[in-house]
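**Student:** Got a structure for you, written out below as structure tokens; questions coming shortly.
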Amino acid sequence: MEKGELIYMGKAKSLYASEKDGELISCFRDDMTAFNGEKKDTFSGKGAYNATVSAFFFDYLEKNGVKTHFVKMLDESTMVVKKMTMIPLEIIARNVAAGSITKKLPFTEGQLLNPPVIVTDYKDDSRGDPSLNDDLILALGLLTKDELLALKETTLKINRLLYDFFDELDLILVDFKIEFGRYGDLILLGDEISMDSMRLWDKDTKESFDKDVYRYNKGNVMDAYGKIVAKIEEWKKEHLK
Ligand code: C5P
Numbered sequence: 001m002e003k004g005e006l007i008y009m010g011k012a013k014s015l016y017a018s019e020k021d022g023e024l025i026s027c028f029r030d031d032m033t034a035f036n037g038e039k040k041d042t043f044s045g046k047g048a049y050n051a052t053v054s055a056f057f058f059d060y061l062e063k064n065g066v067k068t069h070f071v072k073m074l075d076e077s078t079m080v081v082k083k084m085t086m087i088p089l090e091i092i093a094r095n096v097a098a099g100s101i102t103k104k105l106p107f108t109e110g111q112l113l114n115p116p117v118i119v120t121d122y123k124d125d126s127r128g129d130p131s132l133n134d135d136l137i138l139a140l141g142l143l144t145k146d147e148l149l150a151l152k153e154t155t156l157k158i159n160r161l162l163y164d165f166f167d168e169l170d171l172i173l174v175d176f177k178i179e180f181g182r183y184g185d186l187i188l189l190g191d192e193i194s195m196d197s198m199r200l201w202d203k204d205t206k207e208s209f210d211k212d213v214y215r216y217n218k219g220n221v222m223d224a225y226g227k228i229v230a231k232i233e234e235w236k237k238e239h240l241k
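Encoded structure:
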């Protein structure tokens with residue numbers, strides 16, 4: 001399958017046209033950015049790590065009843081996805097307080113959030129991805145009331161599935177960000193599910209195995225990502241015989 005013209009270049013992924021109608025080719029690049037693009041680097045193999053992990057989770061979620069844009073892998077850093085119209089929302093689920101929530105609100109890092117907290121940010125770098133409440137989402141016409149309810153339920157379901165999965169690997173899923181898009185009448189999970197878009201802590205030591213390693217210079221980010229990939233590979237060997 002040949003890549004067509006470049007349609008969109010994000011901070012870490014490039015989207016190309018596909019020879020097949022209704023599909024796109026998503027290439028996970030080795031670029032890494034943080035703080036709205038202020039910090040930038042390239043790490044060889046990072047695209048492959050994130051594509052492999054995303055493909056695994058899209059497949060895992062599909063098997064558990066969540067509809068996603070994932071079609072198939074073309075190579076270790078490239079996947080075919082369904083062509084959607086993205087909904088400009090970053091939906092964040094939090095199980096433990098960390099990151100922006102501890103800066104904007106009086107939560108302490110590591111504080112348990114039970115039940116989990118879902119926050120919705122408007123995806124717009126020029127505005128600093130401002131937080132939206134339900135009324136603003138409806139007023140902006142981004143979703144209907146029913147769609148908003150359904151997306152929150154789906155997000156909680158994804159959170160439960162991923163939380164339990166990582167729990168088995170002795171990791172805490174602190175938080176993650178997902179995005180959805182429209183595909184005909186359906187709303188599908190899109191974008192990626194990778195170490196770039198979640199926080200993962202070791203259950204005992206609370207060491208980070210995610211983009212915070214890069215954001216806050218906590219060590220070698222490729223080693224951290226590699227450990228998650230290795231744990232998932234081990235899980236696959238045990239469970240997908
Ligand atoms: O920055 P904040 O603490 O709000 O991030 C919450 C979670 O969402 C983190 O796992 C972070 O990596 C992810 N996130 C993301 N893309 C953004 C903002 C947050 O993947 N633009």
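Every letter in the sequence shown is one number past the one before it in the UniProt record's numbering, and letter 128, counting from 1, is 128.
In this text, a Cβ means the ideal position worked out from N, Cα and C, and glycines have one as well.
Please read all numbers here as calculations on a predicted model, not as lab measurements.
Going straight from the alpha carbon of residue 61 to that of residue 179, what length do you get?
**Tutor:** When rounded, the distance between both Cα atoms is 14 Å.
**Student:** So residue 53 is in the alpha helix (DSSP H); what residue range does that whole segment cover?
**Tutor:** First-last of the alpha helix (DSSP H) with residue 53: 46-63.
**Student:** Would you mind listing the alpha helix (DSSP H) stretches within the stretch 107-184 that are 4+ residues and don't spill past its ends, in chain order?
**Tutor:** As far as the stretch 107-184 is concerned, its whole alpha helix (DSSP H) runs of at least 4 residues are 134-139 and 145-168.
**Student:** Report the residue from 157, 213 and 120 whose alpha carbon sits nearest the alpha carbon of residue 140.
**Tutor:** For the residues 157, 213 and 120, the minimum Cα distance to residue 140 belongs to 120.
**Student:** Indicate the three-state DSSP secondary structure (helix, strand or coil) for residue 84 in the structure shown.
**Tutor:** Correct three-state label for residue 84: coil.
**Student:** Shorter than 7 Å, the distance from the beta carbon of residue 193 to the closest heavy atom of the ligand C5P, or not?
**Tutor:** Not under cutoff, so the answer is no.
**Student:** The ligand C5P and residue 199: does the residue's C-beta get closer than 7 Å to at least one heavy atom of that ligand?
**Tutor:** For the ligand C5P, at least one heavy atom lies less than 7 Å from the Cβ of residue 199.
**Student:** Check whether the Cβ atoms of residue 172 and residue 201 lie closer than 8 Å to each other.
**Tutor:** Contact: yes.
**Student:** Quick one: is residue 109 buried, meaning 16 or more other Cβ sit within 10 Å of its Cβ, or exposed?
**Tutor:** Under this definition residue 109 is an exposed residue.
**Student:** Count the other CB atoms, across all protein chains shown, that sit within 10 Å of the CB of residue 6; report buried if there are 16 or more and exposed otherwise.
**Tutor:** By the neighbour-count rule (16 or more Cβ atoms within 10 Å), residue 6 is not buried but exposed.
**Student:** Taking 7 Å as the cut-off, does the CB of residue 129 come closer than this to any heavy atom belonging to the ligand C5P?
**Tutor:** Yes; taking the cut-off as 7 Å, the Cβ of residue 129 has a heavy atom of the ligand C5P nearer than that.
**Student:** By the 10 Å Cβ neighbour count, where 16 or more other Cβ atoms means buried, how is residue 243 classified, buried or exposed?
**Tutor:** The shown model of the chain, from 1 to 241, leaves out residue 243, and the question about it has no answer.
**Student:** Regarding residue 92 and the ligand C5P, is the C-beta to nearest heavy atom distance less than 7 Å?
**Tutor:** Yes, Cβ of residue 92 sits closer than 7 Å to a heavy atom of the ligand C5P.
**Student:** In whole angstroms, what separates the C-alpha of residue 151 from that of residue 27?
**Tutor:** Those two C-alpha atoms are separated by around 26 Å.
**Student:** Does at least one heavy atom of the ligand C5P sit under 7 Å from the Cβ of residue 39?
**Tutor:** Residue 39: no, Cβ never under 7 Å from the ligand C5P.
**Student:** List the whole-angstrom C-beta distance separating residue 149 from residue 67, where the pair is believed to meet the contact cut-off of C-beta under 8 Å.
**Tutor:** Between residue 67 and residue 149 the Cβ distance is about 16 Å, and since that is not below 8 Å, they are no contact.
**Student:** To the nearest angstrom, how far is the alpha carbon of residue 54 from that of residue 136?
**Tutor:** Answer to the nearest angstrom: the Cα atoms are 30 Å apart.
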